[in-house]
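In what follows, a structure is listed as structure tokens, so that the remarks can point back to it.
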Amino acid sequence: MNTQKHIGIVGVRIDFSAFGHEAGSRQGPDAIRSAGLLRAFDKHAIPYQDYGNVEIPPGQGVADPRLKHRAEIATVAKAVHAEVATCLEREQFPVVIGGDHSGSIGPLQAAIDRYGDELGLLYIDAHADANTEHTTPSGNIHGMVIPQITAGGTRDLMDIGKMKMPFRNIMLLGVKDVDGAEW
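To convert, note that position 20 of the sequence shown is 228 in the working numbering; the numbers rise steadily by one, no gaps.
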């Protein structure tokens with residue numbers, strides 16, 4: 209019996225959080241595809257469906273320096289949540305490709321909504337990404353991912369999903385740079 213899961217690929221061309229919507233991490237999904245992701249799946253006969261890239265709204269500027277590009281990131285997170293929820297409903301393994309950590313809020317929340325307390329998160333990063341709007345030194349939401357999925361974040365970013373992940377289900381790996389207030 210073949211138990212191989214199909215893969216659902218979702219691109220997230222977002223880079224509001226780090227550099228204010230300049231060329232950079234938004235090129236990540238297309239660069240990853242060009243570098244051979246799909247060819248590798250084809251070579252190894254791994255079934256997949258590429259959903260393309262989620263539409264990214266134009267930048268509206270920074271209304272709140274503690275939550276830079278909050279509205280745009282919330283819009284993207286909702287769209288990515290919907291795409292990943294579709295993958296999960298179709299029993300596909302979602303592979304979300306992008307370059308800005310704020311793009312992970314939607315897919316993580318979709319997985320939490322699907323699997324609840326059964327889901328664990330191994331978060332591999334040099335940074336804890338555990339700031340809130342009250343502790344952030346930069347205002348960049350890519351450094352606030354963990355609070356958004358654990359009920360310690362900002363209302364419109366936390367409201368993307370129905371459930372929140374308990375802290376006990378998260379393991380941070382590779383962290384070497386933690387802001388003082390993140391502790």
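Where a beta carbon is used, it is the ideal one built from N, C-alpha and C, also for glycine.
Is the separation between the beta-carbon of A334 and that of V292 shorter than 9 Å? no
Quick check on P255: does DSSP put it in helix, strand or coil? coil
Along the chain, where does the beta strand (DSSP E) that runs through V284 open and close? That residue, V284, is in no beta strand (DSSP E); its alpha helix (DSSP H) goes 278-297.
So within the stretch 302-348, which uninterrupted beta strand (DSSP E) runs reach at least 3 residues, ignoring any that extend past its ends? 329-332
Label A338 either buried or exposed according to how many other C-beta atoms from any shown protein chain fall within 10 Å of its C-beta, with 16 as the threshold for buried. buried
On a CA-only basis, which of I305, A239, A271 is nearest Y259? Give me that one, please. I305
Of the listed residues S233, D325, P302, I354, nearest to I313 (C-alpha basis): I354
Within its chain, find whatever has a CB closer than 7 Å to the CB of M240; leave out the 5 residues flanking it on each side and keep chain order. Before going on, a small fix: residue 240 reads as Ile here, not Met. Correct list, in chain order: I305.
Nonlocal neighbours in the same chain, by C-beta distance under 6 Å from I254, ignoring five residues either side: none
Would you call the stretch 276-285 in contact with the stretch 260-268, where contact means no fewer than 3 C-beta pairs closer than 8 Å? yes
Return the first residue and the last residue of the alpha helix (DSSP H) that G236 is part of. 236-242
Which term fits Q268, buried or exposed, when burial requires 16 or more other beta carbons within 10 angstroms of its beta carbon? exposed
Quick check on V220: does DSSP put it in helix, strand or coil? strand
What are the partner residues of V262, as DSSP defines its beta bridges? V220
Under DSSP, the beta strand (DSSP E) around M379 begins and ends at which residues? 378-381
Proximity of M379 and G328 at Cβ, strictly below 9 Å: yes
Tell me the DSSP bridge mates of I357? In DSSP, I357 forms no bridge with anything.
Quick one: give me the first and last residue of the alpha helix (DSSP H) that L275 is part of. No alpha helix (DSSP H) contains L275, which DSSP labels as neither H nor E.
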